[in-house]
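Numbering of the sequence shown is given in the UniProt record's numbering, commencing with residue 1 and proceeding in unit increments.
These notes concern the structure reproduced below.
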Amino acid sequence: MINEWISIIMSNRTIPQFPPHFTVLDSLRGICSVIVIMYHLFETYSTSLLDQKLNHGYLAVDFFFLLSGFVLSFSYEKVKTNFSSIDFIIKRIIRLQPTQLFGTVLGLLTFYSTKSNIFPLVQHTSVFQLFLVFFFSSQMIPIPPQYDIRGYQEMYPLNGPVWTLFFEYIGLLMFVLIIRKLKIQILSVVVFLCSVLLFGISQNFDFFGFTTGRIDSKYKYSIMGGWTLESSHLYIGFVRFSFSFLFGVLLEKVQVEKKFDFFNFSKIEKVENSKSKIEKVEKIQKCEILTKSKIEKVEKFVNGYRLEICSVLMVGVFCMPRLGGETFGALNGLYDVFCVSVVFPLVLLLSTQREGMNEGVEKHKAQIGFEKCANFFGNISYQLYSINYSFIYYQMAWAEKHSENSGMSHFLFAVLMFVLCTAVSYAALKLFDIPMRKRLVDVYLEVCGEIAKAEKQ
């Protein structure tokens, strides 16, 4: 590893950069982050999962896990000749940790402002306890339920949503050590086994005794869970993460190793004159399933509106009301699994097609405006997700204290929280995250340089 870095340091003193992001995928990530915030804002006023608005917003986490697996595998394949495994891990930590720290500091600063009946432990938490939790949380060390300081039993009480980062880091280590080496066939079997476990969670099947009592909880017949440091949540969190993350890695490997170009409809007509391909086209035309003109129309529409199509699909998934009600809740569990295993992978494949596929497609002003807006939120999507709960905590406390206020005042306050969260996320990216990452890269290069000098001596 050191020898590789010596050549890098001596040549240009910079770390090789990851490949460019997928534009549509980044924009879609921004839309999903906005949905997550809105889901959390509505969560303040829900009495159960039956009346929760944006009812399936919690599935955004599984979509993020899927993206993580796909992008991580894609990035590693592109930079593995310049990066060792340790370098790759450190680069990833530098990418993720500054914003996580910012969100935890924000949670620390706003903690006592959330004192209310809805958070009974806040008023009983000493400053020493608070800073002790802050220290562990800033190091990504999860907090057991018995040391909770808010009352939600979160493994990171100052910044609840970063429980997903806990699984991301574990997944990163597993990817570098094991997953990246797995062949497609083995990976497919593992993904299938994870899908069975995920289905079991959605139907309240207690395969290993980890989810005993879930049938009596409000999260029954769903795949919600993972944010508490106890057996049930850890099991659910690992299953959710493992299935989606590994599925993302599998899809990337299939695309690269098998050179399978999803959603490239015109490929049927553009391939070289292969006899098998020509026969295939002739059969299609004879059966009148697809004509050349229809293929071109479908391709033009899909490639010209990839972001819009994906956005509609995702919003539709998240807005779907709770299925089955109290009587047939198993339908909701089936819906969760269907979205995670079918809809999300299709959206991922569509959103990660070659960037040049939509060249020459005329765009309307409204479409251009929507894509610019989505791109803006895509740029701050990680910040939005990582810091939004400090504002949600405050909104929950405010709503409890002002429950007698008009509905309009509550609506305006929710809008204010959304605007503030967006503004702070943008500021966090520009003023803290980017400068901090640059500084950490410089420090890492300096350390590598010192080690190289010491080895020469």
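We put the beta carbon where it would ideally sit given N, CA and C, even for glycine.
Keep in mind that this is a model prediction, so the values were computed, not measured.
**Request:** Mind checking who F119 pairs with in its DSSP beta bridge?
**Result:** S116
**Request:** Given a cut-off of 7 angstroms, decide if D336 and S244 are closer than it, judged by their beta-carbon atoms.
**Result:** no
**Distance between V162 and L106 (C-alpha atoms, nearest Å)** = 13 angstroms
**Request:** Go ahead and pull the three-state DSSP assignment for I89.
**Result:** helix
**Request:** Drop a sphere of 10 angstroms on the beta-carbon of V122, count the other beta-carbons inside from all chains shown, and report buried for 16 or more, exposed for fewer.
**Result:** buried
**Prompt:** Taking the alpha-carbon positions, what's the K267 to F238 distance?
**Reply:** Its pLDDT being 49, under 50, K267 is placed unreliably in this model, and the coordinates cannot settle the point.
**Asked** Shortest alpha-carbon distance to F22 belongs to which of L250, N375 and E168?
**Response** N375
**Prompt:** Which parts of the stretch 426 to 451 are runs of the alpha helix (DSSP H), unbroken and 4 residues or longer, counting only runs that do not cross its ends?
**Reply:** none
**Item:** Same chain, Cβ closer than 8 angstroms to I90, five either side skipped, listed in chain order
**Value:** Y444
**Prompt:** Taking the alpha-carbon positions, what's the N159 to N388 distance?
**Reply:** 8 angstroms
**Asked** Got a sec, what are the start and stop residues for the alpha helix (DSSP H) residue 459 sits in?
**Response** Absent from the model: residue 459. The displayed extent of the chain is 1 to 457, so no value can be given.
**Item:** Candidates K181, K183, E326 and E308, of which the one nearest S217 by Cα
**Value:** E326
**Asked** Are S33 and S381 touching if we call contact CB-CB under 7 angstroms?
**Response** yes
**Asked** Distance, Cα to Cα, E77 vs F88?
**Response** 11 angstroms
**Item:** Limits of the unbroken alpha helix (DSSP H) element including V340
**Value:** V340 -> no alpha helix (DSSP H), and no H or E assigned at all.
**Status (buried if at least 16 other CB within 10 Å, exposed otherwise) for K270** = Caution applies to K270, whose pLDDT of 46 falls short of 50 and renders its modelled position unreliable; the value that the coordinates give is listed next. Per the 10 Å Cβ criterion, exposed.
**Request:** Indicate whether V24 and S351 have their beta-carbon atoms separated by less than 7 angstroms.
**Result:** yes
**Prompt:** Can you tell me the Cα-Cα spacing of C448 and E252, whole angstroms?
**Reply:** 32 angstroms
**Request:** Please work out which residues of its chain come closer than 6 angstroms, Cβ to Cβ, to S202, disregarding the five sequence neighbours upstream and downstream, and give them in chain order.
**Result:** I223, G333, D336 and V337
**Item:** Cut-off 6 angstroms between Cβ atoms - residues of its own chain near G378, not counting five sequence neighbours on either side
**Value:** D26, S27, R29 and G30
**Prompt:** For the alpha helix (DSSP H) that contains H364, what are its first and last residues?
**Reply:** Careful: H364 lies outside any alpha helix (DSSP H) and carries neither H nor E.
**Asked** Since Y169 is in the alpha helix (DSSP H), which residue starts that stretch and which ends it?
**Response** W163 to L177
**Prompt:** What whole-angstrom Cβ distance do G407 and F247 have, given they're in contact under 8 angstroms?
**Reply:** In fact, because the Cβ distance is near 41 angstroms, the residues do not count as touching under 8 angstroms.
**Nearest neighbour of P142, chosen from V176, P120 and T104 [CA to CA]** = T104
**Message:** Along the chain, where does the alpha helix (DSSP H) containing I31 start, and where does it finish?
**Reply:** T23 to E43
**Request:** Kindly confirm or deny that the stretch 41 to 56 and the stretch 313 to 323 touch, where touching means at least three C-beta pairs closer than 8 angstroms.
**Result:** yes
**Request:** Could you pull out every residue in the same chain whose Cβ sits closer than 6 angstroms to the Cβ of F119, ignoring the five residues on either side in sequence?
**Result:** R150 and G151
**Asked** Ends of the alpha helix (DSSP H) at V138?
**Response** Looking at the sequence itself, residue 138 is Ser, so the reference to Val does not match. Unbroken alpha helix (DSSP H) run through S138: V127 to S138.
**Request:** Within 10 angstroms of the Cβ of V424, are there 16 or more other Cβ atoms? Answer buried if so, exposed if not.
**Result:** buried
**Environment of H364 [buried if 16+ CB atoms lie within 10 Å]** = exposed
**Message:** Suppose you measure from the CA of N402 to the CA of H410; what does that come to, to the nearest Å?
**Reply:** The residue you asked about is not Asn; residue 402 is His in the sequence shown. Looking at the two C-alpha atoms, the distance is approximately 9 angstroms.
**Message:** Rounding to the nearest angstrom, what Cα-Cα distance links F42 and R240 in this structure?
**Reply:** 23 angstroms
**Request:** May I ask which residues mark the beginning and end of the alpha helix (DSSP H) holding M155?
**Result:** Element bounds for M155: n/a, residue is neither H nor E.
**Request:** Measure the CB-CB distance between I215 and G225 and report whether it falls below 7 angstroms.
**Result:** no
**Coarse secondary structure for Y335, derived from DSSP in three states** = helix
**For N303, three-class secondary structure by DSSP** = helix
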